[in-house]
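Protein chains in written order, with my numbering: chain A, 1286 to 1589; chain B, 1315 to 1630. Each remark here refers to the structure printed beneath this line.
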């Protein structure tokens, strides 16, 4: 029988190799960006403390990951972040379009809120149920702030004045075929009922450029079902293409006072459709402003 | 018949029960405290109002005990489990015995019945929300039949509680991991052993309560906590890997998804309950807000780090 020591050494060396490879991205950061990372890290440490929270967020442990992500954010996807003046020092339910087969948009939005806003914060992305059962990924994502997309979880986090990142399109957003690129899928109603219950404002976000990171080829529904996954989009590549990405933050959306979280669907749906329209308009405007698709030298322009 | 108020503690030989017996005997000196167990008492309790009887839970024995004492309150701590036995035998034993205790409590007009259940009844599942409330479904036995006796006893008492709420105050407590020098449960053995596997691919969040804090909550439940089901946990949480670090034992890191191989290896070295592996993968963090309305604000004397550091053992 293969000894346990063998497994242990293999996995530890795998982790070390992966960390070394990813750390190479840190070299891409300029000294000014490194300063920014340090400043944001200290602010996050002050806000969340050194220990993990009940959902597993652990700022010291997440440091390496978020630094690497920031390097990729700045120098690989060359992200431009618009509308940061709309983000105040309060907590929000950040509602965004979802795209790109593998949900890289969530990581980039999280990065923007951790490094580019005045009061840095960890957005708590709501993840699918299957995600929490994945070895290593479960641990890493929890340390970086991800939580199971469960209603009780969300409400408990909102009670603690945390900001959530929600993709109400769900899996339908990331598994779109090419013809549906940049077309919002119908939002589910759960997020709006939670907003009504907690009274937390909605912050609309549009991501432009992530659809092209993993070009869609085929939706392997049968295999997904067999593997117990919500979807399995087959992409032309599984190494992300360096599509320049823009993140647009809209004005916070106030909640109506004439309905509540228990109101009937027909009273709630029009408000959700309005949010969809807002985000779709932001996507359309963002597409007009977007940079040429890959390999152009002058892609990075200052936001605002 | 003795007219002095009396309290019965079933399963009095365990570490936690031992502490509770001492606290009750000392602070309720007007009461007789009677402990029973099939096992011998762990430490002597030197109070005049305390007595211990080693007995099997047979109908004749039990009925005699109730007839002779007219208990005012009953604590049922630990599970009524025979040593060894199959899951079926254990389940049948636990249910029959708990049912018997409840029947005798009702017949003899006991005023308060307190059951020590466990947060294990919720089960450790990948889709658990953080801060599980008392209304959450008991899903422990979905994956692990060996937890059926725990969930069934909890459910039996809860149903009985609402049915008889006018005649008897029933409290079901679902505490998080109780640890301490006197406790000898699975989690304590796991944390203090130098030969335990620690997953590198999962890092669940856990809650720990010190044995003395738990014993004090059990004591306060007698007078302060009304009929109902209550989670018991401190506010603090900690991840498994951090907890192991504090205790400072020598650990064996391993990827838990190779559990098939690992459990076979480890079962030869140490009895590893199947369900327990799930608690090393997924969090089961309970909400404590309901019981906090009734117990003293300063009842938690030990914070999580101190609780864990008291278990610290030198490396061999």
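We put the beta carbon where it would ideally sit given N, CA and C, even for glycine.
Answer yes or no: does any C-beta atom of chain A fall closer than 8 Å to that of residue i?
| i | result |
| --- | --- |
| residue 1517 of chain B | yes |
| residue 1451 of chain B | no |
| residue 1551 of chain B | yes |
| residue 1600 of chain B | no |
| residue 1570 of chain B | yes |
| residue 1592 of chain B | no |
| residue 1614 of chain B | no |
| residue 1445 of chain B | yes |
| residue 1438 of chain B | no |
| residue 1441 of chain B | yes |
So with Cβ pairs under 8 Å, would you call residue i a contact of chain B?
| i | result |
| --- | --- |
| residue 1482 of chain A | no |
| residue 1584 of chain A | Note that residue 1584 of chain A scores a pLDDT of 48, beneath 50, so its modelled location is shaky; the value from the coordinates is reported in the next line. Cβ-Cβ to chain B under 8 Å: no for residue 1584 of chain A. |
| residue 1513 of chain A | no |
| residue 1452 of chain A | no |
| residue 1554 of chain A | no |
| residue 1433 of chain A | yes |
| residue 1341 of chain A | yes |
| residue 1337 of chain A | yes |
| residue 1421 of chain A | yes |
| residue 1305 of chain A | no |
| residue 1414 of chain A | yes |
| residue 1349 of chain A | no |
| residue 1473 of chain A | no |
| residue 1516 of chain A | no |
| residue 1509 of chain A | no |
| residue 1588 of chain A | For residue 1588 of chain A, the predicted structure reports a pLDDT of 46, less than 50, and the residue's modelled location is therefore unreliable. A value from the coordinates is still provided. Output row for residue 1588 of chain A: interface = no. |
| residue 1332 of chain A | no |
| residue 1486 of chain A | no |
I need the DSSP call for residue i, collapsed to helix, strand or coil.
| i | result |
| --- | --- |
| residue 1338 of chain B | helix |
| residue 1592 of chain B | helix |
| residue 1410 of chain A | strand |
| residue 1283 of chain B | A question about residue 1283 of chain B goes unanswered here, because the residues of chain B that appear run from 1315 up to 1630. |
| residue 1503 of chain A | strand |
| residue 1324 of chain B | strand |
| residue 1371 of chain A | helix |
| residue 1277 of chain A | Any answer about residue 1277 of chain A is impossible in this case: the structure gives chain A only from 1286 up to 1589. |
| residue 1541 of chain B | coil |
| residue 1309 of chain A | helix |
| residue 1533 of chain A | strand |
| residue 1516 of chain A | coil |
| residue 1548 of chain B | coil |
| residue 1387 of chain A | coil |
| residue 1302 of chain A | helix |
| residue 1553 of chain B | strand |
| residue 1624 of chain B | coil |
| residue 1489 of chain B | strand |
| residue 1346 of chain B | strand |
| residue 1333 of chain B | helix |
| residue 1444 of chain B | coil |
| residue 1434 of chain B | helix |
| residue 1538 of chain A | strand |
| residue 1605 of chain B | helix |
| residue 1600 of chain B | strand |
| residue 1524 of chain B | strand |
| residue 1400 of chain B | coil |
| residue 1574 of chain A | helix |
Per the DSSP calculation, residue i is bridged to which residue(s)?
| i | result |
| --- | --- |
| residue 1518 of chain B | DSSP lists no partner for residue 1518 of chain B. |
| residue 1427 of chain B | B:1388, B:1484 |
| residue 1402 of chain A | Partner(s): none; residue 1402 of chain A has no beta bridge. |
| residue 1510 of chain B | B:1565 |
| residue 1459 of chain B | Partner(s): none; residue 1459 of chain B has no beta bridge. |
| residue 1492 of chain A | A:1532 |
| residue 1381 of chain A | A:1490 |
Select from the options the residue whose C-alpha is nearest the C-alpha of residue i.
| i | options | result |
| --- | --- | --- |
| residue 1573 of chain A | A:1543, A:1530, A:1381, A:1462 | A:1530 |
| residue 1534 of chain A | A:1357, A:1451, A:1490, A:1569 | A:1490 |
| residue 1456 of chain A | A:1443, A:1434, A:1448 | A:1434 |
| residue 1516 of chain B | B:1440, B:1390, B:1607 | B:1440 |
| residue 1514 of chain B | A:1424, A:1348, A:1329 | A:1424 |
| residue 1343 of chain B | B:1364, B:1324, B:1489 | B:1364 |
| residue 1568 of chain B | B:1591, B:1552, B:1546, B:1384 | B:1591 |
| residue 1322 of chain A | A:1364, A:1381, A:1397 | A:1397 |
| residue 1477 of chain A | A:1407, A:1369, A:1554 | A:1554 |
| residue 1599 of chain B | B:1454, B:1445, B:1571, B:1491 | B:1445 |
Complete alpha helix (DSSP H) runs within the stretch 1335-1372 of chain A (minimum length 4 residues, chain order): DSSP assignment within the stretch 1335-1372 of chain A yields the following whole alpha helix (DSSP H) runs of 4 residues or more, N-terminal first: 1344-1360.
Ordered list of beta strand (DSSP E) runs contained in the stretch 1350-1390 of chain B, each at least 3 residues: 1364-1368, 1387-1390
Secondary structure, beta strand (DSSP E): runs of 3+ residues fully inside the stretch 1422-1490 of chain A: 1449-1451
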